[in-house]
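A.B. asks: Per UniProt numbering: the sequence shown = residues 1 to 358.
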Amino acid sequence: MARSSSRVAVAAVLAAIAICAAVSSATVTVNEPIVNGLSWSFYDASCPSVEGIVRWHVADALRRDIGIAAGLIRIFFHDCFPQGCDASVLLSGPNSEQIEIPNQTLRPAALKLIDDIRAAVHAACGPTVSCADITTLATRDAVVASGGPFFDVPLGRRDGLAPASSDLVGTLPAPFFDVPTLIEAFKNRSLDKADLVALSGAHTVGRGHCASFSDRLPPNADDGTMDPAFRQKLAAKCASDPSGNVVSQVLDVRTPNAFDNKYYFDLISRQGLFKSDQGLINHPDTMRTATRFALNQAAFFDQFARSFVKMSQMDVLTGTAGEIRLNCSVRNTASVDISSSAQLDTAAGDDEGLAADA
């Protein structure tokens with residue numbers, strides 16, 4: 001009887017979502033405070049065309065490969081979370097962040113796009129715009145081009161001189177984290193529960209390989225929080241991939257290429273792919289916010305924009321700190337440029353979950 005009541009309750013919520021989901025105005029005004037050294041108009045004099053150049057290149061890339069949107073979002077998150085938004089994740093080589101397990105599935109085409117944009121911007125304005133700012137702008141524009149909200153981002157970041165340590169990269173949230181562990185990880189980076197739920201909503205685009213959610217499938221587990229039919233489908237799909245690194249699954253089963261609030265609809269339907277996703281709708285500390293975002297896309301877009309801007313300012317380098325890289329994959333003082341593509345598993349390049357892949 002209780003199970004039947006639960007199904008009725010879920011059906012009622014899903015019906016409400018279908019009827020009441022708000023349509024965003026597609027523009028969000030963010031009034032978050034900005035850190036010293038950043039500005040909403042940083043390049044107005046030195047490179048007024050920068051945003052137009054970035055926007056054009058991102059739109060062109062997404063027309064050819066929509067998966068690059070998720071790739072950019074993941075690069076941005078994996079850059080900012082360990083030691084701040086300093087483009088350190090773009091550095092390549094044997095001691096770079098790219099060799100760490102969570103970063104081995106960063107999308108090579110998205111990494112290349114960032115440096116292609118850097119080249120175009122520097123050709124137009126000279127070496128005035130950092131790779132860190134280009135990454136931030138490109139990610140924002142990928143969100144917009146995929147159907148998400150437009151919002152201004154403060155600029156003026158400079159590029160880091162060294163990659164994050166293995167220990168810092170190890171702080172990236174993993175897809176098998178439960179909600180208390182996620183909350184603690186975000187709290188350690190001065191991000192709150194609303195930031196956690198909103199930024200997780202970026203999983204409305206992208207894919208995950210079987211290894212990143214195999215902990216929820218038989219014979220490893222019989223996860224009662226996953227819809228049985230969905231679990232059976234995933235188990236059958238992943239059975240053909242013993243390594244777990246070849247077969248992938250979209251993160252949002254409803255609108256996998258659109259940046260919208262359907263990810264939260266998936267969670268209510270018990271069709272979240274990662275444990276870190278599904279837990280958001282089941283845990284009392286995050287359930288209400290996740291449900292609100294499912295019911296109101298404008299509320300999700302508003303909080304996502306605020307959380308994005310907040311994250312984009314974490315531990316940034318400004319003023320004379322760091323440098324403006326002449327090549328995003330190598331420090332200016334380095335004599336050899338090691339191609340980032342050589343450091344990445346191109347076969348795994350579609351694994352674009354916001355959470356670090358296991």
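Beta carbons: idealized from backbone N, C-alpha and C, even for Gly.
(1) Any idea if R64 is buried or exposed, counting beta-carbon neighbours within 10 angstroms, 16 or more meaning buried?
(2) Find the nearest neighbour of D141 within the set G156, I114, A194, Q303, judged by alpha-carbon distance.
(3) My guess is that S146 and N261 are in contact by the Cβ rule of under 8 Å, so how many angstroms apart are they, rounded?
(4) Pick helix, strand or coil for R254, following the three-state DSSP scheme.
(5) Is the Cβ-Cβ distance between A298 and R292 less than 8 Å?
(6) Which runs of the alpha helix (DSSP H) spanning at least 4 residues fall entirely within the stretch 240 to 315, listed in chain order?
(7) Grouping DSSP H, G and I as helix and E and B as strand, with all else coil, what is L113?
(8) I need the DSSP call for R207, collapsed to helix, strand or coil.
(9) Express the C-alpha separation of R55 and residue 389 in angstroms, rounding to a whole number.
(10) Here's the rule: buried if 16 or more other CB atoms are within 10 angstroms of the residue's CB, otherwise exposed. What is E184?
(11) Quick check: the Cα distance between A120 and L251, rounded to an integer number of angstroms?
(12) Relative to the C-alpha of V28, which residue among F151, S96, R157 is closest?
(13) By a C-beta neighbour count over all protein chains shown, 10 Å radius and 16 as the cutoff for buried, is G160 buried or exposed?
(14) Which value, in whole angstroms, describes the spacing of the CA atoms of G201 and F301?
(15) Looking at the strands, I want to know which residues DSSP matches up with F150.
(16) Suppose you measure from the CA of A235 to the CA of V205; what does that come to, to the nearest Å?
(17) Where does the unbroken alpha helix (DSSP H) through G67 begin, and where does it stop?
(18) Helix, strand or coil, according to DSSP, for Q343 in the structure here?
(19) Are there three or more Cβ pairs, one per stretch, closer than 8 Å when the stretch 311 to 324 is compared with the stretch 187 to 197?
(20) Classify E97 as helix, strand or coil using the three-state DSSP reduction.
(21) To which residues of the same chain is C80 closer than 7 Å at the C-beta, ignoring the five residues directly before and after it?
(22) For the alpha helix (DSSP H) containing D167, list its first residue and its last residue.
(23) Who are the Cβ neighbours of D222 in its own chain at under 6 Å, not counting the five residues just before and after it?
(24) What number of angstroms, rounded off, separates the C-alpha of D60 from the C-alpha of T136?
(25) How about Q278 and T225: are their beta carbons less than 8 Å apart?
C.D. replies: Short version:
(1) By one-based count along the sequence shown, residue 64 stands at place 64. By the Cβ neighbour-count rule, R64 is exposed, with fewer than 16 other Cβ atoms within 10 Å of its own.
(2) Translated into the one-based positions of the sequence shown, residue 141 becomes position 141. Among G156, I114, A194, Q303, the Cα nearest to that of D141 belongs to I114.
(3) Locating residue 146 in the sequence shown gives position 146, where the first residue counts as 1. Locating residue 261 in the sequence shown gives position 261, where the first residue counts as 1. Taking C-beta atoms under 8 Å as the contact rule, S146 and N261 fail to qualify, at a distance of about 13 Å.
(4) For this step, residue 254 is matched to residue 254 along the sequence shown. R254 falls in the coil class under three-state DSSP.
(5) Along the sequence shown, read from residue 1 onward, the residue named residue 298 stands at position 298. Along the sequence shown, read from residue 1 onward, the residue named residue 292 stands at position 292. Not in contact: A298 and R292 (Cβ atoms no closer than 8 Å).
(6) Taking only runs of at least 4 residues, the alpha helix (DSSP H) segments lying wholly in the stretch 240 to 315 are 262 to 268, 275 to 282, 287 to 295, 297 to 312.
(7) Along the sequence shown, one-based indexing puts residue 113 at 113. Per DSSP, reduced to three states, the secondary structure at L113 is helical.
(8) The sequence position of residue 207 within the sequence shown is 207, counting from 1. Three-state result, R207: strand.
(9) This structure cannot settle anything about residue 389, because the visible part of the chain is limited to 1 through 358.
(10) Within the sequence shown, numbered from 1, the residue matching residue 184 stands at position 184. It counts as exposed.
(11) Along the sequence shown, one-based indexing puts residue 120 at 120. Along the sequence shown, one-based indexing puts residue 251 at 251. As the crow flies, the alpha-carbon of A120 is around 32 Å from that of L251.
(12) As a first step, residue 28 is located in the sequence shown; it is residue number 28 there, counting from the start. Of F151, S96, R157, the residue nearest in Cα terms is F151.
(13) Translated into the one-based positions of the sequence shown, residue 160 becomes position 160. Its Cβ being crowded by 16 or more others within 10 Å, G160 is buried.
(14) As a first step, residue 201 must be located in the sequence shown, where it is residue number 201. As a first step, residue 301 must be located in the sequence shown, where it is residue number 301. In a straight line, the C-alpha of G201 is about 9 Å away from that of F301.
(15) Residue 150 sits at position 150 when you count from the first residue of the sequence shown. Its beta-bridge partners are T27.
(16) Locating residue 235 in the sequence shown gives position 235, where the first residue counts as 1. Locating residue 205 in the sequence shown gives position 205, where the first residue counts as 1. When rounded, the distance between both Cα atoms is 21 Å.
(17) Numbered from 1 along the sequence shown, position 67 holds the residue referred to as residue 67. That run of the alpha helix (DSSP H) goes 67 to 83.
(18) Reading the sequence shown from its first residue, position 343 is the one you call residue 343. In this prediction, Q343 has a pLDDT of 41, which is less than 50 and means its spatial position is unreliable; what the coordinates show is noted afterwards. Note: Q343 maps to helix in three-state DSSP.
(19) Judged by pairs of C-beta atoms under 8 Å, the stretch 311 to 324 touches the stretch 187 to 197, as three or more such pairs exist.
(20) Sequence index remark: in the sequence shown, residue 97 carries index 97 (1-based). In the three-state reduction of the DSSP assignment, E97 falls in the helix class.
(21) For this step, residue 80 is matched to residue 80 along the sequence shown. These residues qualify, in order along the chain: M311, S312, M314.
(22) Numbered from its first residue, the sequence shown carries residue 167 at position 167. That run of the alpha helix (DSSP H) goes 166 to 169.
(23) Residue 222 sits at position 222 when you count from the first residue of the sequence shown. Shown here for D222: not one same chain residue has a beta carbon closer than 6 Å to its own, the five before and five after excluded.
(24) The residue you call residue 60 lines up with position 60 of the sequence shown. The residue you call residue 136 lines up with position 136 of the sequence shown. D60 and T136: Cα-Cα distance of roughly 17 Å.
(25) For the purposes of this step, residue 278 is taken as the residue at position 278 of the sequence shown. For the purposes of this step, residue 225 is taken as the residue at position 225 of the sequence shown. Yes, these two residues count as a Cβ contact at 8 Å.
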